[in-house]
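Residue 104 is where the sequence shown starts when you use the numbering used here, and the numbers rise one by one after that.
Read the structure below first, then the notes.
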Amino acid sequence: MKRAGAARFPWREAWPGPARTDDGHAWTTGDCWLYCRRAGVRVLWVGSVHTPAATGDLYACGACIAEIASRVRTQVIARDTAV
Numbered sequence: 104m105k106r107a108g109a110a111r112f113p114w115r116e117a118w119p120g121p122a123r124t125d126d127g128h129a130w131t132t133g134d135c136w137l138y139c140r141r142a143g144v145r146v147l148w149v150g151s152v153h154t155p156a157a158t159g160d161l162y163a164c165g166a167c168i169a170e171i172a173s174r175v176r177t178q179v180i181a182r183d184t185a186v
């Protein structure tokens, strides 16, 4: 099913799916730093976190990465639709 505005923004139809544990990326077992905060799950490094006191590596599980991807997609679509 095509979304409204797909003709105006064709990249929407090609938006990649979220990361999955069998997608060839460097998944490891560890703690998810995001929404679920589960320990001992498959996680992927998603970037560095900078705080006033230190810099650390941010890891997230597939479900939390999917949540971030959904939020970013919603924001991008809203921004592009408002134009």
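Yeah, the Cβ is synthetic: ideal placement off N, Cα and C, and Gly gets one too.
Everything numeric in this text was worked out from a predicted model, so none of it was measured.
Query, Result
"Going by DSSP in three states, R106 sits in which element: helix, strand or coil?", "Bear in mind that the predicted position of R106 carries a pLDDT of just 48, short of 50, making it unreliable; the figure below should be weighed with that in mind. Coil, per DSSP."
"Buried or exposed: K105, going by 16 or more other Cβ atoms within 10 Å of its Cβ?", "In this prediction, K105 scores a pLDDT of 46, lower than 50, which makes its location untrustworthy; the coordinate-derived value is nonetheless stated afterwards. Result: exposed."
"Cutting at 8 Å between CB atoms, please list the residues of its own chain near R145, excluding the five before and the five after it.", "T124, W130, T131, T132, C164, G165"
"Which residue wins for smallest C-alpha separation from C167, given the options H128, V149, D126, H153?", "V149"
"Should Y162 go down as buried or exposed, given a rule of 16 or more other Cβ atoms within 10 Å for buried?", "buried"
"Could you tell me which of G127, V152, T184 sits nearest to W136, measuring between CA atoms?", "V152"
"Return the first residue and the last residue of the beta strand (DSSP E) that T131 is part of.", "131-133"
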